[in-house]
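Quick notes on the structure that follows.
Protein chains: 2
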Amino acid sequence: MVPLHVLHELSISTPSKIVLVVLDGLGGFPDPATGKTELETARTPHLDDLARRSNCGLTQAVAPGISPGSGPAHLALFGYDPIVHNVGRGILSALGIGFEVGPDDLCARMNFATIDERGVITDRRAGRISTELNRRLVEKLRTIKLPGVQLFVETESGHRAAVIFRGPGLSDRLTDTDPQREGLPPLQVEPIGDDPAARRSAELANEFVRQAAALLKDERPANFVLLRGFARYPNIPKFTETFKLKAGAIAVYPMYRGLARLVGMDVLEHGESLEDEVASLERHWDAYEFFFLHYKNTDTTGEDGNFAAKVAAIEEFDAVLPRILALRPDVLAITGDHSTPSRLRSHSWHPVPLLVHSQWCIPDGPDGVDGFNERACRRGSLGVLPAQQLMPLLMGHALKLERYGA
Amino acid sequence: MVPLHVLHELSISTPSKIVLVVLDGLGGFPDPATGKTELETARTPHLDDLARRSNCGLTQAVAPGISPGSGPAHLALFGYDPIVHNVGRGILSALGIGFEVGPDDLCARMNFATIDERGVITDRRAGRISTELNRRLVEKLRTIKLPGVQLFVETESGHRAAVIFRGPGLSDRLTDTDPQREGLPPLQVEPIGDDPAARRSAELANEFVRQAAALLKDERPANFVLLRGFARYPNIPKFTETFKLKAGAIAVYPMYRGLARLVGMDVLEHGESLEDEVASLERHWDAYEFFFLHYKNTDTTGEDGNFAAKVAAIEEFDAVLPRILALRPDVLAITGDHSTPSRLRSHSWHPVPLLVHSQWCIPDGPDGVDGFNERACRRGSLGVLPAQQLMPLLMGHALKLERYGA
Numbered sequence: 002m003v004p005l006h007v008l009h010e011l012s013i014s015t016p017s018k019i020v021l022v023v024l025d026g027l028g029g030f031p032d033p034a035t036g037k038t039e040l041e042t043a044r045t046p047h048l049d050d051l052a053r054r055s056n057c058g059l060t061q062a063v064a065p066g067i068s069p070g071s072g073p074a075h076l077a078l079f080g081y082d083p084i085v086h087n088v089g090r091g092i093l094s095a096l097g098i099g100f101e102v103g104p105d106d107l108c109a110r111m112n113f114a115t116i117d118e119r120g121v122i123t124d125r126r127a128g129r130i131s132t133e134l135n136r137r138l139v140e141k142l143r144t145i146k147l148p149g150v151q152l153f154v155e156t157e158s159g160h161r162a163a164v165i166f167r168g169p170g171l172s173d174r175l176t177d178t179d180p181q182r183e184g185l186p187p188l189q190v191e192p193i194g195d196d197p198a199a200r201r202s203a204e205l206a207n208e209f210v211r212q213a214a215a216l217l218k219d220e221r222p223a224n225f226v227l228l229r230g231f232a233r234y235p236n237i238p239k240f241t242e243t244f245k246l247k248a249g250a251i252a253v254y255p256m257y258r259g260l261a262r263l264v265g266m267d268v269l270e271h272g273e274s275l276e277d278e279v280a281s282l283e284r285h286w287d288a289y290e291f292f293f294l295h296y297k298n299t300d301t302t303g304e305d306g307n308f309a310a311k312v313a314a315i316e317e318f319d320a321v322l323p324r325i326l327a328l329r330p331d332v333l334a335i336t337g338d339h340s341t342p343s344r345l346r347s348h349s350w351h352p353v354p355l356l357v358h359s360q361w362c363i364p365d366g367p368d369g370v371d372g373f374n375e376r377a378c379r380r381g382s383l384g385v386l387p388a389q390q391l392m393p394l395l396m397g398h399a400l401k402l403e404r405y406g407a
Numbered sequence: 002m003v004p005l006h007v008l009h010e011l012s013i014s015t016p017s018k019i020v021l022v023v024l025d026g027l028g029g030f031p032d033p034a035t036g037k038t039e040l041e042t043a044r045t046p047h048l049d050d051l052a053r054r055s056n057c058g059l060t061q062a063v064a065p066g067i068s069p070g071s072g073p074a075h076l077a078l079f080g081y082d083p084i085v086h087n088v089g090r091g092i093l094s095a096l097g098i099g100f101e102v103g104p105d106d107l108c109a110r111m112n113f114a115t116i117d118e119r120g121v122i123t124d125r126r127a128g129r130i131s132t133e134l135n136r137r138l139v140e141k142l143r144t145i146k147l148p149g150v151q152l153f154v155e156t157e158s159g160h161r162a163a164v165i166f167r168g169p170g171l172s173d174r175l176t177d178t179d180p181q182r183e184g185l186p187p188l189q190v191e192p193i194g195d196d197p198a199a200r201r202s203a204e205l206a207n208e209f210v211r212q213a214a215a216l217l218k219d220e221r222p223a224n225f226v227l228l229r230g231f232a233r234y235p236n237i238p239k240f241t242e243t244f245k246l247k248a249g250a251i252a253v254y255p256m257y258r259g260l261a262r263l264v265g266m267d268v269l270e271h272g273e274s275l276e277d278e279v280a281s282l283e284r285h286w287d288a289y290e291f292f293f294l295h296y297k298n299t300d301t302t303g304e305d306g307n308f309a310a311k312v313a314a315i316e317e318f319d320a321v322l323p324r325i326l327a328l329r330p331d332v333l334a335i336t337g338d339h340s341t342p343s344r345l346r347s348h349s350w351h352p353v354p355l356l357v358h359s360q361w362c363i364p365d366g367p368d369g370v371d372g373f374n375e376r377a378c379r380r381g382s383l384g385v386l387p388a389q390q391l392m393p394l395l396m397g398h399a400l401k402l403e404r405y406g407a
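Here the protein sequences come in this chain order: W and V.
To convert a position in the first sequence, counted from 1, into this note's numbering, add 1.
To convert a position in the second sequence, counted from 1, into this note's numbering, add 1.
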């Protein structure tokens, strides 16, 4: 892999435009009745035609067999090594609710839970309380005062919330309080290693839990909170600086908008539909050299186990593809962050179809890829491409990379 | 990647012979009129026939999207990681003019330039002076005396030259004097980091520039010099020691001869034509176990944007291939260091066709590769092979590698 600082040295700013379309959870799995995947089932004339005129392959965010979360999968697509540059669960929780995470923030995922009178956890999810109740309890927790830090408590949904400690000198080298099993008492937050910042952060987190327990002691079933996934604002090189790109992000879901902001992209405003997203692309076309366009429905339908709905989501994207092509991007890449087969109802490790279109592709040709799906793309010239190698490939095709070495 | 020291441990010296043919800038791009690349257009009966009886694939020197310079691309083909083992521009400049770079040398690329009376650079290339004038000015600069080092100033061509400071204890942790833009004053050479050797080297370089400016002050337009790409003799393990090979290099252009010498190969003497190069191979056949045969015209014709001339250069190589095969090498590899599509008139990132022939190949077979070109080789069994993995593959096929581990 080429280190980011080398990519930074090679990158040059030019007016050519790159569009990276991420169809979340794109890859699927065959329906046993037909033997065809969601992509193979969907009627996608525009994608199939484009695949025949492009270079195809499959992306793999982490490694064979590894099902990536959305955080590492997107970071890989943005050119980062997802093992070196990980973003902790606490940060992703905060980003997922649209919280603007800053450099002094220490974030944790919080679950409401139930403990009995002996102090043993009887339900790690407090009976999956309603989001409405969650909001009411969060209001109580917002009265907690901690020395030297500003505190944010934010409802996610159901029993899930995010806690953000904001202040200088915090550390995320901290253990979880969630023992991951019922029938055990909650754990104390412990510093990992002998670091004063971690010790102080652990004390703050434990003090938060103490005050929360006092405030919630008469609630049922949500009379306790569990904290896990402590994570500071990641110190990662900005995508926009590494590749010297003015970059705009088009995404409906907060987490993807947050991830894009984290790496330096401008988050563009638009409505909630895919049509709205494409309209935003059209509207902002002149202002950016790179666009990240994220489409969520291919993933949510897969997570729901709804094969037909995922097929329909894919077809919905196919219908807007001509509008993207009409903008004549110099380089267009279409792929997913990971697979979400309807049959698995979850993220999977299967490599994800990829298409790269530019005037500088040597097209795979008629005997190669005859459509845009898991099996056709295997025959493409890009092979199974580590997702983190995609950005340099797009930069090369956009003629935005200088020669490496003389 | 297998580290070089492990390859060294596994390598055994045997009489079997490997020939690595590098057709510089081999890979191309389709002519829009025909849809065929230079290789697909060329009539290459011998290469096509050999491809069908070999293992084929594509080599990639650095990573997807990265267009390599000749230095890193050749080092990769010789088995080095081109990110770890880079060779600086100053060294390549010196090698390119046939200067025998030694272990005590600090090399820099020098440009003649024009500065005005305020000391501002008005032309970084001094109006691209003639090579003849360059030679005359270089004679003047050779009178410069510096304490404790021997100085060499060597014409490249036009406004370009190389400066070599020879002496113990020099460092190349130095910044350039070329501000890369006109309208600015030249920069001082500064040491990078707090290192006495770098400080002394910076002083020597700055003193050279001062004396040069004094000697050139009445010249127009070349009244100044700019230095960049300071590079010491690279401290890399010798190819010949790593692989325990007696290796001969056959190349017309000085830079490739210099690179081969740098890694420990004997540079063989011959005339300027491809026929002469093959005659040298025949003449030295008994004396070496490894031959690096470099053919430049596939690159120069691509850089010239001359599709037809590149086709002819490929056909010229095809015509001599039977003579190479007649020597019955145990392993023959044919590839390029990088692509140089005529349409781009420069190095590109596209992977380069590769063929490996030996009695220990399982041939790709009739349903695989039907010719030697960019698209046919994609269907070969070697896939897209990182160029630095080629040498171990050739050593394996030559039965020159012991088993790894018991």
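Note that CB positions come from ideal geometry on N, CA and C, so glycine has one too.
Just so we're clear, the structure is a prediction, and the values are computed from it rather than from any experiment.
Whole-angstrom Cβ separation of residue i and residue j, contact assumed at under 8 Å?
i	j	result
K297 of chain W	Y254 of chain W	5 Å
F113 of chain W	I130 of chain W	6 Å
F30 of chain V	L356 of chain V	Not confirmed; about 20 Å, so no contact.
P393 of chain V	L8 of chain V	6 Å
S14 of chain V	M396 of chain V	Incorrect: roughly 11 Å between the Cβ atoms, too far for contact.
Grouping DSSP H, G and I as helix and E and B as strand, with all else coil, what is residue i?
i	result
C57 of chain W	strand
K245 of chain V	coil
Y257 of chain V	helix
D124 of chain W	strand
N112 of chain W	strand
Q360 of chain W	coil
L96 of chain W	helix
Leaving aside the five residues before and after residue i along the sequence, list all residues of the same chain whose C-beta is less than 6 Å from its C-beta, in chain order.
i	result
T156 of chain V	N135, R136, V139, A162
W350 of chain V	G66, I67, S68
L21 of chain W	F293, A334
Can you tell me whether residue i is buried or exposed, with buried defined as 16 or more other CB within 10 angstroms of its CB?
i	result
S94 of chain W	buried
I116 of chain W	buried
Y81 of chain W	buried
S71 of chain V	buried
Y405 of chain W	buried
I19 of chain W	buried
T243 of chain W	buried
D365 of chain W	buried
Find the nearest neighbour of residue i within the set the options, judged by alpha-carbon distance.
i	options	result
E270 of chain W	W:A252, W:H6, W:L142	W:A252
H339 of chain W	W:N307, W:T299, W:S359	W:T299
P186 of chain V	V:D177, V:L152, V:D267	V:D177
V370 of chain W	V:D365, V:R380, V:C362	V:R380
L260 of chain W	W:T42, W:P235, W:L391	W:P235
E101 of chain V	V:Y257, V:S131, V:I237	V:Y257
L400 of chain V	V:E283, V:D331, V:T132	V:D331
D32 of chain W	W:G103, W:V312, W:G184, W:L356	W:V312
T42 of chain V	V:R404, V:V154, V:M396, V:D319	V:D319
A280 of chain W	W:D305, W:I145, W:I237, W:I325	W:I325
K141 of chain V	V:D365, V:L21, V:E220	V:E220
K146 of chain W	W:P197, W:G36, W:N207	W:N207
E118 of chain W	W:P222, W:I363, W:A309	W:P222
F153 of chain W	W:R167, W:R329, W:V23	W:R167
T144 of chain V	V:G128, V:T132, V:V164	V:V164
P73 of chain V	V:V321, V:L263, V:R182, V:A52	V:L263
Apart from the five residues on each side of it in sequence, which residues of its chain come closer than 8 Å, Cβ to Cβ, to residue i?
i	result
R233 of chain V	G89, I92, D106, L107, C108, L171, S172, D173
E191 of chain V	L175, T176, A203
P16 of chain V	E290
I363 of chain W	N56, S382
With 8 Å as the threshold, decide whether the Cβ of residue i is near any Cβ in chain B.
i	result
H398 of chain W	Note that chain B does not occur in the displayed structure, where the protein chains are W and V.
Return the chain-ordered list of same chain residues with a C-beta closer than 7 Å to the C-beta of residue i, the five sequence neighbours on each side being excluded.
i	result
G384 of chain V	G58
M266 of chain W	F240, T241, A248, G249, A250, F293
L40 of chain W	G29, I315, P354, F373, N374, E375
L205 of chain W	L147, V150, F166
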